[in-house]
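Residue numbers (my numbering): 6 to 89.
Structure first, then comments.
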């Protein structure tokens with residue numbers, strides 16, 4: 006299943022996430038630091054939403070209250086809540 010999440014408070018503008026059988030199969034960020042967001046995507050592919058949320062939730066970017074990884078965790082929390 007594919008999901009689109011508009012981000013807030015980060016350089017990236019949106020995250021597109023695809024889950025296959027409860028596992029992350031694809032993550033694509035729109036905007037943000039291309040190298041870092043591609044790295045995040047590569048690291049989370051193959052993990053479950055719960056694994057990623059546990060690792061990324063609460064990460065901040067400098068003085069910002071959030072970050073691209075934190076926004077990915079928020080998106081996944083929303084997806085999990087919708088599917089419960």
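Just so you know, even glycine gets a beta-carbon here, dropped at the ideal spot from N, CA and C.
| query | result |
| --- | --- |
| Could you check what DSSP says for residue 31 in three-state terms: helix, strand or coil? | strand |
| By alpha-carbon positions, which one of 9, 37 and 69 ends up nearest to residue 31? | 9 |
| Starting from the N-terminal side, write out each stretch of the beta strand (DSSP E) that is 3 residues or longer and does not extend beyond the segment 14 to 77. | 17 to 25 and 28 to 36 |
| Indicate whether residue 12 and residue 18 have their beta-carbon atoms separated by less than 8 Å. | yes |
| For residue 28, which residues from the same chain have a beta carbon less than 8 Å from its beta carbon, with the 5 sequence-adjacent residues on both sides left out? | 51, 52 and 53 |
| What number of angstroms, rounded off, separates the C-alpha of residue 63 from the C-alpha of residue 88? | 22 Å |
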